[in-house]
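A.B. asks:
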Amino acid sequence: MKIKILLLLVIVGTHLPALQAQDIAIRKGIVRDSVPVNDSIPETFAIYLPTNFEPSVKWPVLFAMDMEGKGKQIVHMFREIAEKEGYILAASNNIHDSLSIVQNTLVVSRMLNTVYTLFPIHKQRTYTAGHGVGAQFASILPSVIRPIEGVISSGSDVPFKELIDPKNPFEFVGIVGRSDYHFNNLVEDSDLTTITRRALGKSKFVDYLLVFEGGEEWPDKSYLQRAVEILTLRSMSKGNVELDTAYVRSIYNRNFATLNNHVLENDYLAAAFLADEMISKFKGLVDLEELKKRRKVITREKVYSVQLRKQKRYMQKEYFIRGEYDYNLNDDVLTLNYNNLGWWNFQMDEIRKFIKSSDPFEKEMGYRLLGFVNALVEDNIALEKAQDPLNEEALSYLWMVKTITAPKEFKNYLNIISDSSKYEDFGTALFYLEELLKNGYRDKAALYALKNTALLRITPEFNEIIEKYFDDARYDIIEE
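Positions -21 to -1, 1 to 459 (mature numbering (1 follows the signal peptide of the UniProt record, and there is no 0)) are the ones given, in order, by the sequence shown.
#1: Give the single residue among Asn164, Phe261, Phe149 whose Cα lies nearest to the Cα of glycine 156.
#2: Is the segment 62 to 79 in contact with the segment 45 to 53, if contact means three or more CB pairs nearer than 8 Å?
#3: For the beta strand (DSSP E) holding methionine 44, just list the boundary residues, first then last.
#4: If we ignore side chains and look at the alpha-carbon of each, how far apart do serine 77 and alanine 354 end up?
#5: Check whether the segment 340 to 351 touches the segment 293 to 304, taking contact to mean three or more Cβ pairs, one atom from each stretch, closer than 8 Å.
#6: Counting Cβ pairs, one atom from each stretch, are 3 or more of them under 8 Å apart for the segment 243 to 250 and the segment 276 to 296?
#7: Quick check: what's the CA-CA separation for leucine 203 versus isoleucine 53?
#8: Isoleucine 300 lies in the alpha helix (DSSP H); which residues open and close that run?
#9: Under a three-way DSSP split, which group does threonine 432 fall into?
#10: For alanine 385, which residues from the same chain have a beta carbon less than 6 Å from its beta carbon, with the 5 sequence-adjacent residues on both sides left out?
#11: Indicate the three-state DSSP secondary structure (helix, strand or coil) for glycine 109 in the structure shown.
#12: Taking just the CA atoms, how far does isoleucine 154 sit from glycine 218?
#13: Going by other Cβ atoms of all chains shown within 10 Å of its Cβ, with 16 needed for buried, is isoleucine 445 buried or exposed?
#14: I want to know whether the segment 88 to 95 touches the segment 52 to 66 - three or more CB-CB distances under 8 Å.
#15: What number of angstroms, rounded off, separates the C-alpha of isoleucine 230 from the C-alpha of leucine 142?
#16: For the pair the segment 252 to 267 and the segment 289 to 296, tell me if three or more CB-CB distances fall below 8 Å.
#17: Can you list, in chain order, the residues of its chain whose CB lies under 6 Å from that of aspartate 213, leaving out five sequence neighbours each side?
#18: Do you know offhand how far asparagine 232's Cα is from glutamate 269's?
#19: Return the CA-CA distance between alanine 225 and isoleucine 5, expressed in angstroms with no decimal places.
#20: Should phenylalanine 449 and tyrosine 420 be called a contact, given that it needs their Cβ atoms to be closer than 7 Å?
#21: Identify, in the order they occur along the chain, each residue of the same chain with its Cβ nearer than 6 Å to the Cβ of glycine 113, setting aside the five sequence neighbours on each side.
#22: Which residues in the same chain as tyrosine 293 place their Cβ atom closer than 8 Å to its Cβ, once the five residues preceding and following it in sequence are excluded?
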């Protein structure tokens, strides 16, 4: 396959033998959606080349991971940053969270080989990025595919640490919201000193941690920009790319201005986070004396001490509450303790109180607990589904808990209604039917098509509930 870079019609002089029958036109500065990996495999990837791309120069590349196979979408998200920083972007359209790690890794490996063959890539400047489960997968890849020098991980802590090879280190840039339930683990790891780490026998996984005001969503693009800048600055520190003093000074001045804004906004924790990030990433590139003095002033402020103490207190409280959730859920599933569903309702009331708190640290803890408990239940659901034979009662119990922790996730009610109807437990089915409709579900056609509910649908009680929420029922209610 010959790759034509159409914008001044620059042609890359390398091609894959298996793809010579095709000509794929790729415009610089335009996201190309479906570039084939090769002729024999129906796999494609999205790619972006910056407008200043020249085939005579080696380029850094960022492979972005979207676990729904939406390569074009995630490439568009990073496009402006790649253009500004001078990176090639690529993302597979064929990875998916329903596939195994091995299957997804093979898909990515084939994409990487194609990109390496078609474009002049700087092998010491190859990186991965992702959000949520995409970040988890991106973090695994440096240990199984080489060379990958760094990872931008948004909305996730470091998964499968046992897979990470300490002899093959890479830069880990974490981005997390203060209300994201991954926050505690990332802060704990990034705060470990070298002495503490040696005493505990732990490795440092988080090299840089960027914290924003928010939850589990993608951060503002300015944080993604900062993450990519860190990778570029580290390449300069290592000598993998020529030092650009104007570039370094520009970022330093911009970051310093942001740090001062945090102080003006009375967010001393954010200022300290940024100061630590700057000291690490600018080491060996600029004189850090002014920055170190500024950080010392910030950390001596009474407001900083109060904020840090409150954050640690709520993180500690959250740690114990999480342990309680974990213990109770495991015990409930083992014993099928339906009486404890009331306890879960109480816990959700407590979380809602935290979220309504006027104390921002308590509010953030509430959101983190909400994210944690839902992730905990989802993980247990996945574990039960993987069992052979399937424990249907345990799975049904977990769906019941999920209707409490996430009342707007309608699939859990539908699963219970279908499962209960299969065993003619119509009392349970009718209860969750009404709870489903109380929470706003209005897909009447889906209700009537729900598996195992043929007998349920002809009961007077079912039709009374349907008539109550839809003003009509498919079957007449017979008065006796």
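A virtual CB, placed ideally from N, CA and C, is assigned to each residue, including glycine. Since this is a predicted model, take the numbers as computed values, not measurements.
C.D. replies: Reading from the atomic positions:
#1: The closest CA to that of glycine 156, considering only Asn164, Phe261, Phe149, is found on Asn164.
#2: Touching, yes.
#3: Where methionine 44 is concerned, the enclosing beta strand (DSSP E) stretches over 38 to 44.
#4: Answer to the nearest angstrom: the Cα atoms are 17 Å apart.
#5: They touch, by the three-pair rule.
#6: Here the segment 243 to 250 makes contact with the segment 276 to 296; the two share three or more CB pairs at distances below 8 Å.
#7: Those two C-alpha atoms are separated by around 12 Å.
#8: Element bounds for isoleucine 300: 281 to 314.
#9: Residue state, collapsed to three classes: coil.
#10: Short of 6 Å from the beta carbon of alanine 385, and not among the five residues preceding or following it, lie these beta carbons of its own chain, in chain order: Asn353.
#11: Strand.
#12: Distance between the alpha carbons of glycine 218 and isoleucine 154 is about 25 Å.
#13: Classified as buried, isoleucine 445 has 16 or more neighbouring CB atoms from the shown chains inside 10 Å of its CB.
#14: With the cut-off at 8 Å, the segment 88 to 95 and the segment 52 to 66 do not touch.
#15: Straight-line Cα distance between these residues: approximately 34 Å.
#16: The segment 252 to 267 and the segment 289 to 296 do not touch, with fewer than 3 CB-CB distances between them shorter than 8 Å.
#17: Note that residue 213 corresponds to arginine in the displayed sequence, not to aspartate. Only Glu150 meet the Cβ criterion.
#18: So the two alpha carbons sit approximately 12 Å from each other.
#19: Looking at the two C-alpha atoms, the distance is approximately 31 Å.
#20: Taking the C-beta atoms as reference points, tyrosine 420 is found no nearer than 7 Å to phenylalanine 449.
#21: Only Met44, Asp45, Met46 meet the Cβ criterion.
#22: Apart from the 5 residues on each side of it in sequence, tyrosine 293 sits with its Cβ closer than 8 Å to the Cβ of Phe340, Glu341, Glu343, Met344 in its chain, given in chain order.
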